[in-house]
Structure formats: C-alpha cells, structure tokens
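Counting in my numbering, the sequence shown runs from 177 upward without gaps.
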Amino acid sequence: MKNDVFLKKFRQTIARYDLLEIPPAAGLGRGDKILVAVSGGPDSVALLYALLEIKDEFNLRLYVAHLNHKLRGRESDQDQKFVKNLASKLNLKFFSKSIDVKKEARKKKLSLEEAARLVRYRYLENLADRIKAQKIAMGHHADDQAETFLMRLLRGAGGSGLSGIPPKRGKIVRPLIEIKKEEIEKFLKQKGLSYRTDSSNLLPNYFRNKIRLLLLPQIKKNFNPKIVDVLNRASNIISLQQQYVEKNCEEILRLVCKSKRKNKIVLDLKRFIHYDISLKREMIRLCVKELVGDRFASLTTSSTELSFDSIERTLSLIQKEKSGRKVKLIGNTWAEVSGENLAIYSRKEKQYNYPISFPGKKNLRSLGMNIKSKIVSRPSLPQKIKSKGEEVAFLDWEKLKGQFRLRSRRPKDKFKPLGMQGTKSIADFLIDMKVPRYERDEVMLLTTKGKIAWILGHRIGDEFKVTDKTKKVLRIELIQKQK
C-alpha cells in the first residue's frame with residue numbers, strides 16, 4: 177500500500193523509543209490507554225489515524241482531547257467542532273476545554289506562545305491523570321524538531337536545549353518525531369483525510385513562525401535541501417551525549433548534595449568547586465530539573481527557560497564568594513550562596529495558616545514535617561531545661577489557652593525571644609541567628625491567641641517558657657522529613 181512507508185516509520189519510531197506497551201500477543205492483555213492531543217491540524221489528525229491503524233495490534237484504548245485556546249475567535253470554535261465530529265465519527269470518547277489564553281498570558285506575564293504551551297500541557301496532564309491514561313500522544317514531527325533546534329541555537333542554548341524535543345518524557349510520547357511534514361501531508365492526501373489549517377501559523381509574527389516560513393526555506397534553497405534531516409541528526413547526537421553527561425553527573429551530585437527537601441537542595445561548596453565547570457553547570461541544571469519536576473519539560477520558551485546566563489551568574493557568585501546573594505534561575509526557583517553552601521530552592525508562594533490541636537501526632541505533608549506532642553508533668557523534667565526550642569520545644573501548658581495555629585511568618589511579626597529583653601521582629605531575629613535567606617521564608621510559627629509561642633526549629637517565646645510555677649508542660653518535637 178502507498179501508506180506503508182509512513183506507517184513503517186511510525187512503527188519504527190514507536191519501537192526505537194519504546195513509546196507503547198506491547199501486549200504478549202494480538203488480542204491478549206490490555207494495551208495502553210492513550211489520550212491523543214488533537215488540534216484538528218494535519219499533524220494531530222495524521223497521528224490519530226496512524227494510532228487507529230495499529231490500535232488492534234497494540235490493543236490500544238484511544239481518547240481524544242482538544243483545547244480551545246480562544247485565540248482566533250470563530251476559527252478556534254470551528255476547530256473544536258471539527259475535532260468533536262471527528263471523534264464521534266471514529267467512535268472515540270472526546271474531551272475538550274476552552275481557556276482564555278490571552279487572559280492567562282496577562283495574569284502570568286507571559287507571551288501568548290508561552291501561555292498557550294503551559295495551559296496546554298497542564299490541561300493534558302491533568303486530564304490524563306483523571307481518566308488514568310498511561311500515555312499522552314502528541315503530534316510533534318521532524319520539522320518541529322528542526323525548528324526547535326534552530327530556535328534554541330539562536331538563543332544560545334547548551335547541550336540540554338539542543339537535545340531538542342524528546343520522543344518520550346513522562347507520560348508524553350511523540351510517535352511522529354522522526355517523520356517529516358511532507359510525509360505527513362502525503363499520508364493524509366493518500367487516505368483522503370481532511371483537517372483544519374491554523375491561519376496564525378501562516379504569519380511570520382512569532383519566532384517559531386519566522387524560523388519555519390523565512391529561515392528554513394532559505395537554508396533549504398541556498399545551502400542544504402536536507403537541512404531538516406541534518407538538524408534532526410545533530411539533535412539526536414547531542415541528546416545521546418547529554419544523556420551520558422546527565423547519568424555521570426547524577427552520581428557526582430549524590431556526593432556533593434548535603435540535604436534534599438521537597439523545595440530545596442543544598443550542595444556542599446567545598447566539594448562542588450573542585451569539579452570541572454561543565455559538570456558544575458550540569459549539577460545546577462539537574463537540581464532545577466528535580467525541583468521543578470514535570471513542569472521542566474514544558475518550560476522551554478524564551479522567558480521561562482533555564483538560561484545559560486543565569487547558571488553563569490550563579491557560578492560567578494560562588495567564585496567571588498558572595499555569601500547571601502542570590503540569582504533567579506527559572507520561574508520561582510533561585511540559587512543562593514550561603515557560607516559553604518549553595519542552595520537551589522523554589523520559593524513558596526503559598527502562605528500557610530492551619531488550625532492545629534495538641535497533644536498528638538500531626539503529619540504535615542505539605543510542609544515536609546511531622547510534629548509529635550504530649551503533655552508531661554513539670555516534676556518529670558530536669559530542673560533546668562536546656563532546649564530553647566530548636567527541634568524540641570517545652571511550653572507552659574497553662575499559658576497556652578486558646579486556639580493554636582501554625583502559619584507562615586509575616587513582614588511585621590514580632591515576639592519576645594526566650595532569654596532576651598524586649599520584643600524583636602522575626603526577620604531581625606532570624607538574621608541575628610544567621611539563618612540563611614533561603615530558609616527564612618520557610619520558617620513556620622506556632623501561635624496562640626495571636627501571640628507567637630514558637631518559631632519552629634529556632635526559639636520559643638519568653639512568656640510561654642517553663643518556670644518553677646509550671647505544673648503541666650507541652651512537649652513538642654519537630655521531625656523534618658527528607659524528600
């Protein structure tokens with residue numbers, strides 16, 4: 177058949193990158209549940225029909241998802257209607273959602289391209305989780321790979337960026353990634369399949385469009401007609417090299433890492449500085465990748481990607497020993513030098529304010545800690561309690577009347593620290609205690625009747641201390657959890 181070449185390459189890509197689960201035999205066992213992202217354009221329509229061709233062979237369960245970005249008015253609505261009718265015609269379950277991307281872009285201060293990409297990935301990942309799909313199939317192809325390579329090259333990307341669009345990452349699979357645009361269009365024409373054309377793709381007003389419409393045609397015409405193949409090969413070579421570097425760097429990182437929490441990784445600078453600069457860069461990148469998680473794959477556009485410059489600024493802080501200074505790496509993720517430590521952390525934007533009761537054990541998963549507490553009699557404790565409230569706090573139970581709350585610190589918070597005269601702002605207290613800047617925003621407070629009884633892990637309030645007159649003592653133990 178005429179379509180054999182296209183489907184042969186499609187199957188080869190699936191096998192080469194292990195994109196789909198292969199049942200033990202045709203008709204036996206359940207294959208993957210796949211959420212197919214269908215915009216209505218030629219690439220996603222070809223992807224859907226190609227998956228239908230191998231559906232029985234792999235025992236696939238296919239579902240269609242469409243996101244209406246609301247960027248082209250009536251045209252966007254017609255795209256959505258087209259995909260809905262296509263899914264109905266093929267007897268496939270259809271999911272769709274409309275999101276005002278312009279509004280999202282303004283809200284998050286992103287370009288339209290960036291906002292559209294982020295909401296699309298978020299929608300697909302959330303939907304896949306909801307319907308328990310093992311895979312999300314997307315229609316990126318070889319020409320997309322070539323465009324991405326050039327875009328990142330022109331922006332000064334390193335090995336990670338030039339590795340390009342991965343065939344597989346997490347739940348996302350891209351079975352068309354080694355198939356060229358002209359081959360996709362030929363497949364659609366031979367099968368007599370209709371599709372939608374996105375008019376915005378025909379205008380050279382976005383960076384990617386300029387690459388596609390202006391730069392690549394000139395390179396094909398004047399330098400190399402096989403430039404798409406060449407750039408794909410280069411991207412693949414760099415990707416394999418990058419995988420090797422990452423694997424080795426992960427082993428080194430385990431030696432350099434001092435501590436790891438949900439939103440923070442602390443590296444030992446004494447060890448870190450002895451490695452080659454290329455490995456230092458890669459260690460920083462891997463730390464960011466771990467903190468950002470699944471979002472790292474989609475943060476690949478100009479204003480949100482982890483830039484070479486931000487990593488270089490971090491290395492400059494280390495070289496100049498600028499303790500207490502920080503560099504923004506990506507999104508809300510920062511690097512900060514503090515003494516002999518390099519902390520890479522994501523600043524928490526959420527302000528916590530929980531009601532909490534005592535005694536008992538509390539698992540505060542979102543804060544990465546446990547709290548164990550019990551009430552003990554004063555005579556059962558030593559005459560002089562040495563703890564000031566670091567990992568264990570001893571508080572006069574009778575003075576703790578009222579509702580307890582566990583909350584984030586606020587700019588104007590003040591308290592009277594144990595053993596000190598007068599009140600002090602929490603911020604000044606933490607600075608005096610030489611708490612690194614990257615840890616100050618994470619500090620949690622235990623309050624009662626609006627008064628600060630304990631800065632967790634640091635100091636109790638003087639008015640709640642245990643005295644000779646104390647009868648009952650609330651003993652609270654803080655257990656920090658590693659990620």
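Where a beta carbon is used, it is the ideal one built from N, C-alpha and C, also for glycine.
All values reported here derive from a predicted model rather than from experimental measurement.
In the DSSP assignment, the alpha helix (DSSP H) including residue i goes from what residue to what residue?
{"i": "tyrosine 297", "result": "288-307"}
{"i": "tyrosine 225", "result": "218-229"}
{"i": "arginine 613", "result": "613-616"}
{"i": "alanine 333", "result": "Counting along the chain, alanine 333 falls outside any alpha helix (DSSP H), and DSSP gives it neither H nor E."}
{"i": "threonine 490", "result": "484-495"}
{"i": "serine 264", "result": "250-265"}
Pull the bridge partners of residue i from the DSSP assignment, please.
{"i": "phenylalanine 271", "result": "Ala241"}
{"i": "isoleucine 506", "result": "Thr509"}
{"i": "phenylalanine 570", "result": "Arg651"}
{"i": "arginine 328", "result": "BP columns for arginine 328 are empty, so no partner."}
{"i": "tyrosine 193", "result": "DSSP output for tyrosine 193 lists no bridge partner at all."}
{"i": "alanine 410", "result": "Answer is none; alanine 410 lacks a bridge partner."}
{"i": "leucine 416", "result": "Answer is none; leucine 416 lacks a bridge partner."}
{"i": "methionine 545", "result": "Leu540, Gln656"}
{"i": "asparagine 235", "result": "In DSSP, asparagine 235 forms no bridge with anything."}
{"i": "cysteine 425", "result": "Looking at the DSSP assignment, cysteine 425 forms no beta bridge with any residue, so it has no partner."}
{"i": "cysteine 683", "result": "One cannot answer for residue 683 here, as it falls past the ends of the chain, which runs 177 to 659."}
Kindly indicate which residue of the options has the alpha-carbon position closest to the one of residue i.
{"i": "glutamine 417", "options": "Val464, Gly334, Arg489", "result": "Gly334"}
{"i": "leucine 247", "options": "Lys265, Ser375, Arg345", "result": "Ser375"}
{"i": "asparagine 381", "options": "Glu289, Lys344, Pro393, Leu431", "result": "Glu289"}
{"i": "tyrosine 727", "options": "Thr189, Pro218, Leu300, Ala191", "result": "Nothing can be reported for residue 727, as the shown portion of the chain is limited to 177 through 659."}
{"i": "arginine 437", "options": "Cys463, Gly595, Lys273, Glu427", "result": "Cys463"}
{"i": "isoleucine 395", "options": "His634, Lys311, Glu323, Arg296", "result": "Glu323"}
{"i": "glycine 515", "options": "Gly249, Gly500, Pro351", "result": "Gly500"}
{"i": "lysine 679", "options": "Ile460, Arg293, Ser272, Phe270", "result": "Any answer about residue 679 is impossible in this case: the structure gives the chain only from 177 up to 659."}
{"i": "arginine 461", "options": "Lys588, Trp510, Ile275", "result": "Trp510"}
{"i": "tyrosine 528", "options": "Lys260, Leu429, Lys538, Leu543", "result": "Leu543"}
{"i": "histidine 245", "options": "Lys440, Glu280, Asn267, Asn235", "result": "Glu280"}
{"i": "arginine 651", "options": "Met596, Gly595, Ser553, Pro593", "result": "Ser553"}
{"i": "glutamate 422", "options": "Leu268, Lys397, Arg384, Ser454", "result": "Ser454"}
{"i": "leucine 223", "options": "Thr189, Thr624, Ile428", "result": "Thr189"}
{"i": "aspartate 338", "options": "Ile355, Lys231, Asp320", "result": "A small fix is needed here, since residue 338 is leucine in this sequence, not aspartate. Of Ile355, Lys231, Asp320, the residue nearest in Cα terms is Asp320."}
{"i": "glutamate 354", "options": "Ala410, Lys311, Asn546", "result": "Ala410"}
{"i": "alanine 241", "options": "Asp255, Ile360, Lys231", "result": "Asp255"}
{"i": "arginine 298", "options": "Leu243, Lys344, Glu251", "result": "Leu243"}
{"i": "arginine 350", "options": "Val212, His316, Gly626, Ile414", "result": "His316"}
{"i": "glutamine 366", "options": "Lys645, Tyr225, Val212", "result": "Tyr225"}
{"i": "arginine 331", "options": "Leu505, Leu482, Lys625", "result": "Leu482"}
{"i": "aspartate 180", "options": "Arg541, Ile360, Phe383", "result": "Ile360"}
{"i": "glutamine 207", "options": "Ile275, Val259, Lys311", "result": "The question names glutamine, but residue 207 in the sequence shown is glycine. Comparing Cα positions, the closest option is Lys311."}
Mind checking residue i: buried by the 16 CB within 10 Å criterion, or exposed?
{"i": "isoleucine 628", "result": "buried"}
{"i": "arginine 192", "result": "exposed"}
{"i": "proline 401", "result": "exposed"}
{"i": "threonine 373", "result": "exposed"}
{"i": "leucine 204", "result": "Reliability fails at leucine 204, whose pLDDT of 44 lies under 50, so the model's placement of it is uncertain and no value is given."}
{"i": "serine 336", "result": "buried"}
{"i": "threonine 490", "result": "buried"}
{"i": "methionine 609", "result": "exposed"}
{"i": "glycine 249", "result": "exposed"}
{"i": "valine 468", "result": "buried"}
{"i": "alanine 202", "result": "Its pLDDT being 47, under 50, alanine 202 is placed unreliably in this model, and the value from its coordinates should be taken loosely. Burial call: exposed."}
{"i": "methionine 327", "result": "buried"}
{"i": "aspartate 194", "result": "exposed"}
Do residue i and residue j have their C-beta atoms closer together than 9 Å?
{"i": "aspartate 219", "j": "lysine 357", "result": "yes"}
{"i": "serine 584", "j": "aspartate 617", "result": "yes"}
{"i": "glutamate 497", "j": "valine 513", "result": "yes"}
{"i": "arginine 217", "j": "tyrosine 371", "result": "Note that residue 217 is glycine in the sequence shown, not arginine. Taking 9 Å as the Cβ cut-off, glycine 217 and tyrosine 371 qualify as a contacting pair."}
{"i": "proline 535", "j": "arginine 581", "result": "no"}
{"i": "leucine 352", "j": "alanine 318", "result": "yes"}
{"i": "isoleucine 602", "j": "isoleucine 631", "result": "yes"}
{"i": "lysine 577", "j": "phenylalanine 591", "result": "no"}
{"i": "lysine 647", "j": "tryptophan 573", "result": "yes"}
{"i": "leucine 262", "j": "valine 214", "result": "yes"}
{"i": "glutamate 458", "j": "cysteine 433", "result": "no"}
{"i": "glutamate 229", "j": "phenylalanine 186", "result": "yes"}
{"i": "asparagine 412", "j": "tyrosine 521", "result": "no"}
{"i": "glutamate 169", "j": "isoleucine 547", "result": "Past the edges of the chain, shown from 177 to 659, lies residue 169, and the structure says nothing about it."}
{"i": "glycine 637", "j": "proline 587", "result": "no"}
{"i": "asparagine 398", "j": "arginine 388", "result": "no"}
{"i": "asparagine 517", "j": "proline 612", "result": "yes"}
Where does the unbroken beta strand (DSSP E) through residue i begin, and where does it stop?
{"i": "isoleucine 312", "result": "311-313"}
{"i": "asparagine 439", "result": "No beta strand (DSSP E) contains asparagine 439, which DSSP labels as neither H nor E."}
{"i": "arginine 384", "result": "Not the beta strand (DSSP E): arginine 384 falls in the alpha helix (DSSP H), residues 383-386."}
{"i": "proline 555", "result": "No beta strand (DSSP E) holds proline 555; DSSP gives it neither H nor E."}
{"i": "asparagine 529", "result": "529-532"}
{"i": "lysine 367", "result": "That residue, lysine 367, is in no beta strand (DSSP E); its alpha helix (DSSP H) goes 357-367."}
If we cut at 9 Å on Cβ distances, does residue i have a partner in chain D?
{"i": "glutamine 656", "result": "Absent from the structure is chain D; it holds one protein chain and no more."}
At a threshold of 8 Å, does residue i count as lining the ligand FAD (C-beta to nearest heavy atom)?
{"i": "isoleucine 395", "result": "This structure does not include the ligand FAD; it has no bound ligands of any sort."}
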